[in-house]
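Below you'll find the structure, written out as C-alpha cells, and then a few comments.
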Amino acid sequence: MSARLDPFYPVVDSADWVARLTAVGARLIQLRVKDKPRGEIYGEVRRALGLCAASGATLVVNDYWDIAIDEGASVLHLGQEDLDGADLKAIRAAGIRLGVSTHTPEELDRALSVDPHHVALGPIWPTILKKMPFPPQGLERIGEWKRRIGDRPLVAIGGLTPDRATQCLAAGADVVAVVNDVLGNADPEARAREWLSVTRETA
1 MSARLDPFYP VVDSADWVAR LTAVGARLIQ LRVKDKPRGE IYGEVRRALG LCAASGATLV
61 VNDYWDIAID EGASVLHLGQ EDLDGADLKA IRAAGIRLGV STHTPEELDR ALSVDPHHVA
121 LGPIWPTILK KMPFPPQGLE RIGEWKRRIG DRPLVAIGGL TPDRATQCLA AGADVVAVVN
181 DVLGNADPEA RAREWLSVTR ETA
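Those letters in the sequence shown? Residues 1 to 203, per full-length UniProt numbering, in order.
Written out as C-alpha cells, the structure is:
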C-alpha cells in the first residue's frame, strides 16, 4: 500500500455524510461515530466502506479497531487514549494502516513507537469542535513534526479553513483534516469543492 494519502481529509459522523462527500470528489474520509450502540456503528462502518469502495475513496475508521478489522477496513485512526486498549498485533495482522493523533512531543514519541502509517498533529488553530487541553500548535510545529516522522504522511487538524489548509500544506503537512468548516457550512458540498480545489492545487 502506498504511503500517500489524499490531501483533503474530511472527518464525519455518519455514512450519510460519506455519501454526500464522495459524491463531490472526496477520496479520503474519516468516519468518527460516537455514542451509538455497537450494532449501529457496525452498520455505519459497513455502509461507509461500501460507499467508499464504489467511488474509489478510502475510509478511515476512528477508534473502533475491532469493528475495522471485522468489516475489512484498510485504515484506522486512534487517539492516544485509544492506543491503551487497542490490540496492535491484531491490527497489524489484518494489514490495516494506522494513524495516531499527537499533541505533544511525548505523544509523538509514543506514536512513533507503534510504527504508524501516518501521524496527525493538532489543533493547529483553536477549534470549536471540542474543548482541547492542548494549546494551538501553530504552523512552525508542522515542520518540526514532519522532520521527525520522515516519509510518513503528516495530517494537520484543528480550526482549518481552505486558506489555512494551504498554509499547513506549505509548512510541510501532507494532509489537511476538516470537520466543522465543511459539515457546519450552509452549503457543505460547495465548501468541500472549494477545499478540493485548493488542496489539489497545492499538493
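The beta carbon of each residue, even a glycine, is placed where N, CA and C say it ideally should be.
query	result
Is the segment 149-158 in contact with the segment 84-95, if contact means three or more CB pairs nearer than 8 angstroms?	no
Under 6 angstroms Cβ to Cβ from Phe134, same chain only, skipping five residues before and after it: list those, please.	His103
In the DSSP assignment, find the unbroken beta strand (DSSP E) run with Pro116 in it and report its ends.	Premise fails: Pro116 is in no beta strand (DSSP E) and is neither H nor E.
Could you have a look at Gly99 and say whether DSSP puts it in helix, strand or coil?	strand
Which residue's Cα is closest to the Cα of Asp70: Arg46, Asn185, Leu83?	Arg46
With a cut-off of 8 angstroms on the beta carbons, I'd call Gly138 and Leu154 a contact; round off their distance for me.	So it is not a contact: roughly 14 angstroms between Cβ atoms.
Report yes if the C-beta distance between Pro10 and Thr202 is below 9 angstroms; otherwise report no.	no
Would you please state the rounded distance, in angstroms, between the beta carbons of Ala57 and Ile29? I believe it to be under 8 angstroms.	6 angstroms
Quick one: is Ser2 buried, meaning 16 or more other Cβ sit within 10 Å of its Cβ, or exposed?	Because Ser2 carries a pLDDT of 49, less than 50, the predicted location of this residue cannot be relied on, and the following value inherits that uncertainty. Exposed is the call here.
Is the Cβ-Cβ distance between Gly85 and Ser101 less than 9 angstroms?	no
Looking at Val179: is its Cβ nearer than 9 angstroms to the Cβ of Ala165?	no
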